[in-house]
Amino acid sequence: MCLGIPGQIVEITDIKNKLATVDVGGVKRQVNIACIVDENHPPESCVGDWVLVHVGFAMNRINEEEAAETLQILQELAAAQAALSN
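Taking numbering that gives the first Met the number 0, the leading residue of the sequence shown gets 0, the next gets one more, and so forth.
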């Protein structure tokens, strides 16, 4: 099982190598966007896109509502885990 974390592309850092900066819950990371670009959606048009990130790759684009819902669920899981640890 893999877990994709929602993040928003905030900057394209290397068009040739298809690298972008993605904000994942306030933490900015460099991510490979090769899986989400094509002739109809080139790297330059990805800024602002919400994506699911897994092991340094943007696996697919998602809408903002889906991203917010997933982030909320992840926060609830983290809170539940923290409560169990105490």
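Every residue gets a Cβ at the ideal spot worked out from N, C-alpha and C, and that includes glycine.
CA-to-CA distance, residue j to residue i, given in whole angstroms
| i | j | result |
| --- | --- | --- |
| N62 | Q7 | 10 Å |
| A79 | P5 | 20 Å |
| E10 | N16 | 14 Å |
| E75 | C1 | 19 Å |
| C34 | R60 | 9 Å |
| G25 | L70 | 11 Å |
Nearest-angstrom Cβ-Cβ length linking residue i and residue j, presumed shorter than 8 Å
| i | j | result |
| --- | --- | --- |
| I32 | P42 | 6 Å |
| W49 | A66 | 4 Å |
Beta-carbon proximity list for residue i, same chain, < 8 Å, skipping 5 on both sides
| i | result |
| --- | --- |
| V36 | K17, P42, C45 |
Other residues of its chain near residue i: CB distance less than 6 Å, five sequence neighbours each side excluded
| i | result |
| --- | --- |
| L73 | none |
Sequence-distant residues of its chain with Cβ nearer than 7 Å to residue i (five each side left out)
| i | result |
| --- | --- |
| D22 | G6, Q7, V9 |
Original post:
What are the start and end residues of each continuous alpha helix (DSSP H) run of 4 or more residues lying completely inside the region 43-85, in chain order?
Top reply: 63-84
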